[in-house]
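Engineer: Numbering of the sequence shown is given in this note's numbering, commencing with residue 623 and proceeding in unit increments.
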Amino acid sequence: MAVKLPKATVIKLFKDAGAARVSGDVAEVVNKIVVEIAKGAVKSAKAAGRKTVSADDLRLVVVS
């Protein structure tokens, strides 16, 4: 079951960051990016022999 960020939440995030307008397809792209980041973080945790994903796992994925 795929969890998706609501479109309104994604649009609010961008507006809070200063965007005057946000395209409707932004939410779909953001959701795809979040899934890829999550998969990378899980892979990082498993490679380190852990079941728990940490903030460091996320940082490794986002920075690399």
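Cβ coordinates follow ideal geometry from the N, Cα and C atoms, glycine included.
Every value quoted in this text rests on a predicted model; they were computed, and no experiment measured them.
(1) With a CB to CB cut of under 7 Å and the five nearest residues on each side skipped, what residues in its chain are close to Val675?
(2) From the DSSP output, in three-state form, read off Leu680 for me.
(3) In whole angstroms, what separates the C-alpha of Leu635 from that of Asp679?
(4) Tell me which same chain residues have a C-beta within less than 8 Å of the C-beta of Val657, skipping the five on either side of it?
(5) Within a Cβ cutoff of 8 Å, which residues of the same chain sit near Lys637, ignoring the five residues on either side of it in sequence?
Structural biologist: Reading it off the structure:
(1) Translated into the one-based positions of the sequence shown, residue 675 becomes position 53. For Val675, where only same-chain residues beyond five positions count, the Cβ hits under 7 Å are Ala663, Val664, Ala667.
(2) Start at 1 with the first residue of the sequence shown, and residue 680 comes out as number 58. Leu680 falls in the helix class under three-state DSSP.
(3) In the sequence shown, the residue the question calls residue 635 occupies position 13. In the sequence shown, the residue the question calls residue 679 occupies position 57. Taking the straight line joining both Cα atoms gives about 23 Å.
(4) Taking the sequence shown and counting its residues from 1, the one referred to as residue 657 is at position 35. Ala624, listed in sequence order.
(5) Reading the sequence shown from its first residue, position 15 is the one you call residue 637. The residues are Val644.
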